[in-house]
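In our numbering, the protein residues as written are 33 to 648. Following: one structure in structure tokens, then a few remarks.
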């Protein structure tokens, strides 16, 4: 069957539109048999045949075009009363519809030559006459259009929902609806790909019609996936679309439906805090006036006023926290539903499980990383997950198992994506290709990405986020003039250093403790400081992997801090961001485990594991 060489990729879009128009035509023929000849039914069938004819002509399918043209001529004649035998005509229309269905099946399967339809088209046209009698006496006569008012022109802009399947097909469907209203004089170029569109999708048409703008909008509101309609009057003399105006689009809010319910007690708390801040402002103005007279107790009153201000601001921040956080379960459920739908589209089955969804996640961070998490799931489904039959042959359940987890460790939140498929080359993928692009995009949002995979065992990918704006406890330490913070949950104890107890093995320092040899690392050396000043304190750390010791120059003590974003352009292994304490001092927030891993050579890891099990 002939296809225009320069448009082979439009075939799928044509099949979508042709299937919809044939469905409309079949419905109209059934109503004609059941309800009798009625003008609205005939007109709807005529529009369906006309749209099918235009689409077939665009693709170069002559048989479909000719048969749809003959059907259109028959319905036009039926509309004006020029059909000799309505019963025979309806039977021929049924045969023509069945023949068109066969043509679509041939296109889908790619079999056989293009069939001939000359016999059926001749039979349809043999029943058409040029008589112009009115077979619809019960209908009101159409209003006479004045010669000076032929048609108006409108610029029609349609914004589609995202994600939108088959964008080329959606373009042809929108064009078909507009052809029912008048003539499409011009349009912007259609989408070049029929793959699922994840970003915003807009279509523009120049429509010549006798309809009013309100009626155009009513018709276009019935188009699936259309969420925005603009009908703008255009000068009657233009034949091309003007360049699109730059519009500042609102940022898509994935979780816009999430609202915070404020109880009466919470409202009272906010009111009390605001009243306290107003009182503090009045007290500060009073002190300003007294400062001119150098009041003896001014210094003490300023200190007390500052303490009250810090306390009230801390209370206000905690009271407003519900507006910035929401349960991670909402994020994971949205991601799980999307994964199940996407798996079905890929011809696979997926079962999802969510763990730890009660933990809070930042609304701003969730909005930023959600599209990139979707892309991660897309890669896992496409490359690691298997179709049902292949999973059964491999001795697994038919459905791929996807697990979404979230856990919190003081200043960080870790989102986990795992499946039980064939696995992904994670290490290679994070260096180049699509996985590398996704990793870079997540790192631009302040996240850190890591993963592991085993052949035939599936893939685990972890996305770590700093809990920006949330309070947590740290152990504050100093190295030179810089201040650092270690998550207090990972600190076991701190004590003064005793150099005589240190053991040196293969260039690494160890401290014998409880029948284990704990690795000893100098914080200043890990941070790349020259000279490696010796620390005066040992901090015993217990991470997820192993216990070890950090040697630091000085300890300031425990602090309650609030996380801040990482300073711009600063990327250091083990640095998770910065934090601020109640006195306004800024600390670099460290991840001790990651800092140690970045320092240790790969070939020393095995030796270190062996030494830590050595007895005293």
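For glycine and all other residues, C-beta sits at the position ideal for the given N, C-alpha and C.
The alpha helix (DSSP H) enclosing residue i, as first and last residue numbers
i: residue 72; result: 71-91
i: residue 559; result: Premise fails: residue 559 is in no alpha helix (DSSP H) and is neither H nor E.
i: residue 372; result: 360-377
i: residue 140; result: 118-141
i: residue 100; result: 94-112
i: residue 51; result: 43-67
i: residue 423; result: 420-425
i: residue 464; result: Unbroken run through residue 464: none, as it is neither H nor E.
i: residue 530; result: Unbroken run through residue 530: none, as it is neither H nor E.
i: residue 250; result: 245-252
Opposing strand residues paired with residue i [DSSP bridges]
i: residue 435; result: 385 and 450
i: residue 480; result: 496
i: residue 536; result: 541
i: residue 196; result: 229
i: residue 516; result: 509 and 620
i: residue 392; result: 359
i: residue 258; result: 192
i: residue 525; result: 572
i: residue 503; result: 594
i: residue 263; result: 188
i: residue 611; result: 595 and 619
i: residue 485; result: 491
i: residue 236; result: 189
Residue i to residue j span [Cα, whole Å]
i: residue 527; j: residue 616; result: 27 Å
i: residue 62; j: residue 210; result: 25 Å
i: residue 532; j: residue 544; result: 11 Å
i: residue 153; j: residue 128; result: 9 Å
i: residue 241; j: residue 424; result: 58 Å
i: residue 189; j: residue 213; result: 15 Å
i: residue 57; j: residue 76; result: 8 Å
i: residue 83; j: residue 264; result: 24 Å
i: residue 483; j: residue 259; result: 38 Å
i: residue 582; j: residue 195; result: 49 Å
i: residue 491; j: residue 417; result: 10 Å
i: residue 624; j: residue 630; result: 10 Å
i: residue 130; j: residue 388; result: 55 Å
i: residue 437; j: residue 448; result: 5 Å
i: residue 218; j: residue 187; result: 9 Å
i: residue 178; j: residue 243; result: Residue placement at residue 178 cannot be trusted, given a pLDDT of 44 that sits under 50; the coordinates are not used to answer.
i: residue 199; j: residue 227; result: 7 Å
i: residue 529; j: residue 574; result: 18 Å
i: residue 266; j: residue 184; result: 8 Å
i: residue 140; j: residue 474; result: 40 Å
Per-residue burial, residue i [other beta carbons within 10 Å of its own, 16 or more giving buried]
i: residue 558; result: buried
i: residue 509; result: buried
i: residue 384; result: buried
i: residue 316; result: exposed
i: residue 377; result: exposed
i: residue 568; result: exposed
i: residue 380; result: buried
i: residue 51; result: exposed
i: residue 432; result: buried
i: residue 628; result: buried
i: residue 524; result: exposed
i: residue 472; result: exposed
i: residue 513; result: exposed
i: residue 53; result: buried
i: residue 101; result: buried
i: residue 413; result: buried
DSSP three-state assignment for residue i, whether helix, strand or coil
i: residue 403; result: helix
i: residue 179; result: Reliability fails at residue 179, whose pLDDT of 46 lies under 50, so the model's placement of it is uncertain and no value is given.
i: residue 628; result: helix
i: residue 661; result: Past the boundaries of the shown model lies residue 661; the chain is included only from 33 to 648, so the question cannot be answered.
i: residue 153; result: helix
i: residue 441; result: strand
i: residue 270; result: coil
i: residue 341; result: helix
i: residue 219; result: strand
i: residue 455; result: coil
i: residue 546; result: coil
i: residue 314; result: helix
Run of the beta strand (DSSP E) containing residue i, from where it starts to where it stops
i: residue 458; result: No beta strand (DSSP E) contains residue 458, which is instead part of the alpha helix (DSSP H) from 458-461.
i: residue 159; result: Neither: residue 159 is in no beta strand (DSSP E) and is coded neither H nor E.
i: residue 583; result: 579-584
Closer than 7 Å to chain B by CB, residue i
i: residue 364; result: Looking at the structure shown, chain B is missing, and only one protein chain is on hand.
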